[in-house]
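In this note's numbering, the protein residues as written are 7 to 249.
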């Protein structure tokens, strides 16, 4: 019987059932919740990928989910961000910011000192603060030749760090995974945090890790056997951390 409990963080955007079902197939108890105390108490967390960076970050701050996730990370709880969930792990993004959103002063150009969902300016551009667990920015994919959003199956190329990561044990480098996104992590991410890259309009990190925090830009729950393997590996990481 499953013993570890994974909470899928619900920020009231989209259907989370496919993620919950994928985790259940991986052998863990899983449920969606927007309750900060349930998030803090979970053995593992998944932040799913639906909506815009600004809307998601603002909801997480208003609901207390942001603080609950940060507390869980500090306590050693494994976390997996999926698609937008990966992007929210980073310091800042520029998606969906209303023109009339007020700005706050920050300690630096990455928004240090601001709460998730706060809007700030840096070098004449408006940004919204993410969870700040990984260094870097999330920006729109731009191309005059390729279609944006990037939707469909595309290759995942492992870095040396990715090949050695427990999240990717048994994962076939170069495998095609399912993507649907217009924004991605930019070139200012720390290279040591990048486990894999995908090449579409630019070379962007598609799997990342820092400590007990992982992220996938693609949707493992929609990516057939190789995606399910990643969910199984994450479930094992959660079980080992909670043993």
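We treat Cβ as the ideally placed atom computed from N, Cα and C, and that holds for glycine.
Distance, residue j Cα to residue i Cα
i, j, result
"residue 246", "residue 174", "16 Å"
"residue 75", "residue 165", "27 Å"
"residue 215", "residue 108", "32 Å"
"residue 101", "residue 63", "11 Å"
"residue 169", "residue 201", "8 Å"
"residue 234", "residue 111", "42 Å"
"residue 13", "residue 39", "6 Å"
"residue 212", "residue 52", "16 Å"
"residue 178", "residue 142", "27 Å"
"residue 128", "residue 103", "14 Å"
"residue 123", "residue 140", "16 Å"
"residue 42", "residue 15", "9 Å"
"residue 172", "residue 106", "44 Å"
"residue 223", "residue 97", "16 Å"
"residue 59", "residue 93", "7 Å"
"residue 144", "residue 73", "21 Å"
"residue 37", "residue 220", "19 Å"
"residue 186", "residue 157", "4 Å"
"residue 116", "residue 54", "23 Å"
"residue 240", "residue 32", "9 Å"
"residue 86", "residue 25", "11 Å"
"residue 150", "residue 231", "33 Å"
"residue 204", "residue 22", "25 Å"
"residue 196", "residue 126", "22 Å"
"residue 30", "residue 99", "31 Å"
Cut-off 7 Å between Cβ atoms - residues of its own chain near residue i, not counting five sequence neighbours on either side
i, result
"residue 152", "206 and 207"
"residue 56", "19, 20 and 90"
"residue 176", "235"
Bridge partners - residue i, DSSP secondary structure assignment
i, result
"residue 211", "203"
"residue 98", "135 and 143"
"residue 11", "35"
"residue 257", "Past the boundaries of the shown model lies residue 257; the chain is included only from 7 to 249, so the question cannot be answered."
"residue 115", "Beta-bridge pairing links residue 115 to no other residue."
"residue 125", "109 and 134"
Own chain, CB closer than 6 Å to residue i, minus 5 neighbours either side, in chain order
i, result
"residue 180", "161"
"residue 65", "17"
"residue 84", "50, 218, 243, 244 and 247"
"residue 236", "226"
"residue 229", "183 and 184"
"residue 113", "119"
"residue 167", "201"
"residue 137", "94, 95 and 122"
"residue 67", "121, 122 and 123"
"residue 77", "46"
Closer than 8 Å to chain B by CB, residue i
i, result
"residue 221", "Within the model displayed, chain B is absent; a lone protein chain is all it includes."
Own chain residues within Cβ distance below 8 Å of residue i, not counting five before or after
i, result
"residue 3", "For residue 3 there is no data in the structure shown, the boundaries of the chain being 7 and 249."
"residue 193", "208"
"residue 69", "17, 40 and 42"
"residue 198", "167"
Query raised in the report: Are the segment 152 to 164 and the segment 130 to 137 in contact at 8 Å, needing three or more beta carbon pairs?
Result: no
Report task. Could you name each continuous beta strand (DSSP E) segment of 3 residues or more that falls completely within the segment 127 to 195, going from the start of the chain to the end? Result -> 131 to 135, 140 to 146, 156 to 161, 182 to 187 and 189 to 191
Query raised in the report: Taking the runs of the beta strand (DSSP E) that are 3 residues or longer, which of them lie wholly in the segment 35 to 63?
Result: 35 to 39 and 50 to 53
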